[in-house]
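Below: one structure, written as structure tokens.
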Amino acid sequence: MIRLPGNIKHVEIVAVALVFYASQAFGQRPTVEDFTMSGDTYLTEDECFRLTDELDYSSGSIWYKNPISLREPFSIRLSIMAGCQDDLGADGMVFAFTSKANRVGYRGEGIGYSGLAPSVGIEIDTWLNEHLNDPREDHLAIMINGRVGHWNDLAGPVKIPNIEDCKRHGFYVNWAPTSQTLSIEIDGVEVIATSFDLVNKVFGGNAIVFWGVTAATGRYNNMHEVCFDRIAFHKDTQTPAMQNHGSYVAAKK
Numbered sequence: 000m001i002r003l004p005g006n007i008k009h010v011e012i013v014a015v016a017l018v019f020y021a022s023q024a025f026g027q028r029p030t031v032e033d034f035t036m037s038g039d040t041y042l043t044e045d046e047c048f049r050l051t052d053e054l055d056y057s058s059g060s061i062w063y064k065n066p067i068s069l070r071e072p073f074s075i076r077l078s079i080m081a082g083c084q085d086d087l088g089a090d091g092m093v094f095a096f097t098s099k100a101n102r103v104g105y106r107g108e109g110i111g112y113s114g115l116a117p118s119v120g121i122e123i124d125t126w127l128n129e130h131l132n133d134p135r136e137d138h139l140a141i142m143i144n145g146r147v148g149h150w151n152d153l154a155g156p157v158k159i160p161n162i163e164d165c166k167r168h169g170f171y172v173n174w175a176p177t178s179q180t181l182s183i184e185i186d187g188v189e190v191i192a193t194s195f196d197l198v199n200k201v202f203g204g205n206a207i208v209f210w211g212v213t214a215a216t217g218r219y220n221n222m223h224e225v226c227f228d229r230i231a232f233h234k235d236t237q238t239p240a241m242q243n244h245g246s247y248v249a250a251k252k
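Residue numbers (numbering that gives the first Met the number 0): 0 to 252.
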């Protein structure tokens, strides 16, 4: 991670590594062609993906086109920006795994993840929805099958310091299949983890999944952005790459 002085917009350069400990691996700098963009997502001048601008009822997502296997260990590293509006900023982002290549979730409180099943979602929630049992503070939770209420979480919700601070933060997702442990770090510090049989209890025995990031706004908004630098992984050659993605469905804030 490199921090740049002054008022330079891109204040961090964060390496992304999606590493599978297998015999056939390669490294590359991802391009826009490596991802499926949907909704309001666009590529910024500094080669990041802007999922939403500061606009009400906006939504966007990116999905890596090639599937990965949950039978192998990996560490996915990216840089996220959750916006500059604190008290009135909404709604957040979700890092998700899904076996359905052409599915997306609901806007607003759904954060582009609600209704997506089967799936695992790592929620970065920046808005208080009391009817979803949200903490008042920004928080993380590990969810399944597009359920954004905090009654069926695999882990969390865990309160975190304000992440709508107009800064980029390292966001690391680690998977250890031998212990079936999924853990998440922010800026190098582990924040939340769970040990759960994702392959059998979420994906019905299917270990091949796609991964991506979703974001959404509702009656209040924020800018949401994600950056990548390098990806190295073992390709799954049996499952076709993702071609395109469906449309978002609006939901109340």
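Ideal placement from N, C-alpha and C gives every residue a C-beta, glycine not left out. The model shown is predicted, which means the values in this text are computed figures rather than measured ones.
Please state the DSSP three-state secondary structure of Tyr171. In the sequence shown, the residue the question calls residue 171 occupies position 172. Tyr171: strand per DSSP, three-state reduction.
May I ask you to list the residues that DSSP assigns as paired with Lys158? The residue you call residue 158 lines up with position 159 of the sequence shown. DSSP, once it has assigned bridges, lists His138 as partnering Lys158.
Classification of Pro66 by the beta-carbon crowding that lies within 10 angstroms, buried from 16 upward: If you number the sequence shown from 1, residue 66 lands on position 67. Pro66 should be labelled buried.
Where does His149 sit, in a helix, a strand or coil, going by DSSP? As a working mapping, residue 149 is identified with position 150 in the sequence shown. Coil, per DSSP.
Do Ala89 and Gly217 have their beta-carbon atoms positioned less than 8 angstroms apart in this structure? Here the question's residue 217 lines up with position 218 in the sequence shown. Here the question's residue 89 lines up with position 90 in the sequence shown. Contact: yes.
Sequence ranges, beta strand (DSSP E) only - wholly within the segment 58-127, length at least 3: 58-63, 73-80, 91-97 and 118-124
Considering only DSSP beta bridges, list what Ser178 is partnered with. Counted from its first residue, the sequence shown places residue 178 at position 179. BP columns for Ser178 are empty, so no partner.
Roughly how many whole angstroms lie between the Cα atoms of Ile143 and Thr97? Taking the sequence shown and counting its residues from 1, the one referred to as residue 143 is at position 144. Taking the sequence shown and counting its residues from 1, the one referred to as residue 97 is at position 98. Going by the C-alpha atoms only, they are around 10 angstroms apart.
At least three beta-carbon pairs within less than 8 angstroms, the segment 206-222 to the segment 148-157: no
Continuous beta strand (DSSP E) stretch holding Val188: start and end: The count along the sequence shown starts at 1 and reaches residue 188 at position 189. Residues Val188 to Ser194.
Could you check the C-alpha separation between Cys47 and Cys226 for me, to the nearest Å? Here residue 47 is taken as the residue at index 48 of the sequence shown, counted from 1. Here residue 226 is taken as the residue at index 227 of the sequence shown, counted from 1. Between Cys47 and Cys226, the C-alpha separation is close to 4 angstroms.
Since Leu50 is in the beta strand (DSSP E), which residue starts that stretch and which ends it? Numbered from its first residue, the sequence shown carries residue 50 at position 51. Counting along the chain, the beta strand (DSSP E) containing Leu50 begins and ends at Cys47 to Thr51.
Buried or exposed for Asp39, going by 16 or more other Cβ atoms inside 10 Å? Taking the first residue of the sequence shown as 1, we reach residue 39 at position 40. Buried, since its Cβ has 16 or more Cβ neighbours within 10 Å.
Cutting at 6 angstroms between CB atoms, please list the residues of its own chain near Thr43, excluding the five before and the five after it. Taking the first residue of the sequence shown as position 1, residue 43 is located at position 44. Arg49.
Would you tell me roughly how many angstroms separate the C-alpha atoms of Cys165 and Ile79, rounded to the nearest one? Reading the sequence shown from its first residue, position 166 is the one you call residue 165. Reading the sequence shown from its first residue, position 80 is the one you call residue 79. Using only the alpha carbons, I get a separation of about 10 angstroms.
Neighbourhood of Met36 by C-beta distance below 6 angstroms, restricted to the same chain and skipping five residues each side: Taking the first residue of the sequence shown as 1, we reach residue 36 at position 37. Ile61, listed in sequence order.
Return the CA-CA distance between Glu34 and Tyr63, expressed in angstroms with no decimal places. Taking the sequence shown and counting its residues from 1, one reaches residue 34 at position 35. Taking the sequence shown and counting its residues from 1, one reaches residue 63 at position 64. The question names Glu, but residue 34 is Phe in the sequence shown. Roughly 5 angstroms between the two C-alpha positions.
Name the DSSP bridge partner or partners of Leu42? Position 43 of the sequence shown, counting from 1, holds the residue named residue 42. Bridge partners of Leu42: Phe48.
Along the chain, where does the alpha helix (DSSP H) containing Val198 start, and where does it finish? If you number the sequence shown from 1, residue 198 lands on position 199. Leu197 to Lys200 is the span of the alpha helix (DSSP H), which, as asked, contains Val198.
What does DSSP give as the partner residues of Met36 in its beta bridges? As a first step, residue 36 must be located in the sequence shown, where it is residue number 37. Partner(s): Ile61.
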